[in-house]
Each structure stands twice: as C-alpha cells, then as structure tokens.
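Peer 1: Quick one: the structure is below, and I'll ask about it shortly.
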Amino acid sequence: MKRIRVVQVGLGAMGQMMVSIIRERPILELVGAFDIDPNKVGHDVGEVCGGKTADVQVQSPAEDLLRATHADVALHATGSFLHDVHHELRTLVHAGLRTVSTCEELSWPYQRHAQLAAELDSLAKAKGVPLLGSGVNPGFVMDLLPLILTGVCREVRHVSVLRRMDADAKRLGFQKKIGATMTTAQFQAAVATGRFGHIGLPESAWILSDALGWKEAEIAEKLEPVVVDRPFNGRLLKVEAGQVAGLRQECIVRSNGQAVVELRFEAFLGADDPRDEVRIQGTPDVHMRINNGVPGDVATAAVMVNAIPVMMLARPGLLTVKDMVSLHSTRRFA
C-alpha cells in the first residue's frame with residue numbers, strides 16, 4: 164500500500180504530539196516539518212519532538228519547505244484565529260496539499276469571516292484539494308459527536324452539550340488561558356479583547372444548527388469567570404480568595420424563539436464531576452456521558468492524524484466536520 168506523505172506545520176505542544184502519532188502509523192510518512200522558532204529550525208524534527216531521529220529537518224519559511232518536499236497532506240497547527248493564519252493556509256492549499264488545521268475559527272468560518280471563507284473555498288476547489296478545520300473541540304466533542312448521535316433519531320427538537328474540565332489536571336498554559344489567578348477586572352479586560360476564553364464554541368453551535376436544519380437561527384454567547392471564595396492550592400497554581408479559577412462559557416441557539424442548541428463549556432481549577440455529556444431531545448431521546456471527559460491534548464492530535472485518510476477521499480473545497488458525517492438526523496430538511 165502506498166504511504167501517505169505528510170507535512171507538519173507548527174511544532175508547538177500539539178504539533179509535536181501529532182508528529183509522534185504520525186510516526187506510529189505505518190501508512191503515513193513524515194516528509195517535512197515547519198516552524199518559525201529559530202531554536203527548532205535546522206534541527207531534526209524527531210529530536211525536537213523528543214523522539215528518535217526522523218531524518219527530516221525543521222524548515223522555515225514554509226515556501227522553502229514546500230519547494231523541497233513532495234507531500235499529500237499538511238497538518239497545520241499554528242494559531243486559533245483565521246486572520247492570523249490564513250496566509251499560511253493559502254500557501255499550503257496553493258501548493259496542492261490537502262490541509263487539516265487546528266485553527267478553531269476555520270471549523271466554521273462563514274459567520275465571522277465570510278469573505279475569507281469564500282476565497283479559501285475558491286482556491287481549494289481550483290487546486291483540487293480539501294481544506295478542513297478540525298480538532299477535539301471544535302471538531303468532535305461538542306459538534307461532530309452529538310451530530311452523529313442524532314443519526315438514531317426520527318426527529319430532533321433540542322441538543323445540549325456540557326463539557327466540564329478540572330483545569331487543575333491540565334498543563335500550565337491551559338490554566339493561564341482560562342484566566343486562573345486573574346482578578347475579575349483582569350478577566351473582563353481579557354474578554355473585551357475578543358481573543359480570550361475557549362475559542363470555537365460558537366463555531367460548534369453553528370455547525371450543529373446548520374447540519375440539523377436550523378438555518379435562520381440566532382445565537383447568544385456568555386462568558387463568565389469562576390471566582391473562588393477561599394484559597395485553592397492547585398497542582399501548579401495557587402488561587403487566592405476572590406481570584407479567578409477559570410471560566411464558564413455558553414452558546415445558545417434559538418430558532419423561532421425556542422432554544423434548539425445549548426452548549427456549555429466549563430473549565431476551572433477544582434471542578435467536580437468532570438465530564439462530557441450530550442443530551443438530545445427527540446424521538447427517541449438520547450443521553451450520552453463520558454466520565455472525566457475526553458482528554459483534550461492527545462485527542463486533538465489524534466483527531467488531526469486520523470483525519471488524514473479521510474482527507475485523501477474528500478471532495479475539493481473548504482469543508483467542515485459536518486461534511487465528514489454520513490449519518491445524522493435530516494428531519495429538518497423535510
């Protein structure tokens with residue numbers, strides 16, 4: 164069987180984990196790696212990722228890498244915001260690479276970035292390759308998974324998803340990302356930047372509402388701090404009374420005045436009963452619970468690598484994870 168040649172773009176924590184998974188898969192061959200970090204450029208990617216030598220050097224800029232590499236697929240993991248990374252995506256697609264990106268805003272760019280979405284879709288179709296934004300969330304837990312579960316339903320009236328995470332078990336970067344040890348004033352200032360909190364929750368809500376036929380729906384978002392009333396001595400951080408331990412975030416989609424999709428993301432130090440939970444009201448009702456929740460880091464990397472064979476068969480153009488689903492409820496299209 165011919166091996167699929169893969170380029171890894173971005174060698175942060177996620178990118179490094181993707182490299183390790185790629186190297187485990189006999190069907191995949193890592194043929195290139197890109198990063199802007201001067202401490203990584205020129206070094207063997209296997210050594211950069213803490214493994215055995217891979218005989219692949221980390222290169223920069225991306226154009227140099229693509230000129231020297233013949234690949235089938237690119238895994239892209241450099242940023243969450245489409246305005247920050249769209250030039251990189253254009254470069255990969257223009258080179259004829261099927262591209263999967265962890266960019267959360269790419270998972271459903273049609274509301275926030277309609278013009279960019281149209282341009283990327285046109286370029287991908289012209290080059291004959293698919294472009295997909297994916298990961299664990301958005302990309303699986305709060306959109307693809309509940310969508311798949313609707314496949315057993317004669318009708319769907321309401322979908323709710325809760326993802327609750329005990330951030331004390333997560334890496335320090337994640338704890339800082341959700342505002343742990345901030346004051347409430349610092350938290351609100353961070354929210355005002357528009358670049359804080361869990362990026363991608365509205366995208367998951369749009370994916371579900373579109374896939375299930377609630378196309379004229381309206382979405383409301385809320386992001387609030389979780390403030391502790393007594394000191395919390397965590398594994399990595401100590402939070403004083405009155406400080407922020409994390410956040411609660413929600414998106415509610417309403418159609419004809421009725422809530423049809425409700426997504427709640429909770430991540431804070433010391434959260435009890437962490438879990439991923441999906442409830443579907445329909446015929447029949449469906450309830451699924453994953454105790455302790457899907458581990459975000461390894462799951463993100465695994466989703467990206469597992470998408471590679473699917474991308475080899477996918478149609479050209481800008482895709483979303485709902486295009487990867489062959490079975491879900493279609494009642495709303497009747």
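Here this note's numbering is used: the first residue of the sequence shown is 164, the next is one more, and so on.
All C-beta atoms in this analysis are idealised placements derived from N, C-alpha and C, irrespective of residue type, glycine included.
Note that the structure is predicted; figures quoted are calculated from it, not measured.
With DSSP as the reference, please indicate the residues paired to PHE197 in a beta bridge.
Peer 2: Partner(s): VAL172 and GLN222.
Peer 1: Less than 8 Å between the C-beta atoms of GLY173 and ALA225, yes or no?
Peer 2: Not in contact: GLY173 and ALA225 (Cβ atoms no closer than 8 Å).
Peer 1: Taking Cβ positions, are VAL236 and ARG253 nearer each other than 8 Å?
Peer 2: Cβ distance not < 8 Å, so VAL236 and ARG253 don't count as in contact.
Peer 1: Under the rule that 16 or more other beta-carbon atoms within 10 Å means buried, what is SER367, buried or exposed?
Peer 2: Buried.
Peer 1: Can you have a look at GLY445 and say buried or exposed, based on whether 16 or more other CB atoms are within 10 angstroms of its CB?
Peer 2: Buried.
Peer 1: Whose CA, out of MET467, GLY480 and GLU425, lies closest to the CA of ARG320?
Peer 2: Checking every option, the nearest Cα to that of ARG320 belongs to GLU425.
Peer 1: Is the Cβ-Cβ distance between THR344 and GLN412 less than 8 Å?
Peer 2: No, they are not a contact pair.
Peer 1: Look at the alpha carbon of ALA497 and the alpha carbon of VAL423, and state the distance between them as a whole number of angstroms.
Peer 2: Any answer about ALA497 is weak, because its pLDDT of 45 lies below 50 and its placement is not dependable; what the coordinates show is given next. If you take the alpha carbons of ALA497 and VAL423, they lie about 17 Å apart.
Peer 1: Would you tell me roughly how many angstroms separate the C-alpha atoms of GLU210 and GLU187, rounded to the nearest one?
Peer 2: If I take the Cα positions, the gap works out to 15 Å.
Peer 1: Starting from the C-beta of GLY214, find all residues in its chain whose C-beta is less than 8 Å away, skip the five residues before and the five after it, and write them out in chain order.
Peer 2: Closer than 8 Å at Cβ, skipping near neighbours: VAL182, SER183 and ARG186.
Peer 1: Could you have a look at MET487 and say whether DSSP puts it in helix, strand or coil?
Peer 2: Residue state, collapsed to three classes: helix.
Peer 1: Going by the CB atoms, is the gap between ILE190 and PRO309 shorter than 8 Å?
Peer 2: No, these two residues do not count as a Cβ contact at 8 Å.
Peer 1: Can you give me the C-alpha to C-alpha distance between THR265 and SER372, rounded to a whole angstrom?
Peer 2: Answer to the nearest angstrom: the Cα atoms are 21 Å apart.
Peer 1: In chain order, what residues of the same chain lie with their CB nearer than 7 Å to the CB of ASN454, ignoring the 5 residues before and after it?
Peer 2: The answer, listed in chain order, is ARG438.
Peer 1: Quick check: CYS414 and LEU375, are their CB atoms within less than 8 Å of each other?
Peer 2: Cβ atoms of CYS414 and LEU375: not closer than 8 Å.
Peer 1: What does the Cβ neighbour count give for GLY178, buried or exposed, with the cut at 16 atoms within 10 Å?
Peer 2: So GLY178 ends up on the buried side.
Peer 1: Assign ASN300 to one of two classes, buried (16 or more other C-beta atoms within 10 Å of its C-beta) or exposed (fewer than that).
Peer 2: When all chains shown are included, ASN300 counts as buried.
Peer 1: Can you name, in chain order, every residue of its own chain whose Cβ lies under 7 Å from the Cβ of ALA464, other than the five neighbours on each side?
Peer 2: Closer than 7 Å at the Cβ level, and outside the excluded window around ALA464, lie MET177, MET180, MET181 and ILE184.
Peer 1: In chain order, what are the residue ranges of uninterrupted alpha helix (DSSP H) at least 4 long that sit wholly in the region 252 to 305?
Peer 2: As far as the region 252 to 305 is concerned, its whole alpha helix (DSSP H) runs of at least 4 residues are 277 to 290.
Peer 1: Run through DSSP, which three-state label would HIS250 get?
Peer 2: It is helical.
Peer 1: If I'm right that GLY296 touches LEU269 with Cβ under 8 Å, what's the distance once you round it to whole angstroms?
Peer 2: Right, their Cβ atoms sit about 3 Å apart.
Peer 1: Could you spell out where the alpha helix (DSSP H) holding ALA237 opens and where it closes?
Peer 2: First-last for ALA237: 236 to 239, but that is the beta strand (DSSP E), not the alpha helix (DSSP H).
Peer 1: Could you pull the DSSP bridge partners for SER323 from this structure?
Peer 2: DSSP lists GLU425 and ARG442 as partners of SER323.
Peer 1: Pick helix, strand or coil for ILE471, following the three-state DSSP scheme.
Peer 2: Helix.
Peer 1: Could you tell me the alpha carbon to alpha carbon distance between ALA330 and MET305, rounded to whole angstroms?
Peer 2: Whole-angstrom Cα-Cα distance: 18 Å.
Peer 1: Bridge partners of ILE415, per DSSP?
Peer 2: DSSP output for ILE415 lists ALA383 and GLU425 as bridge partner(s).
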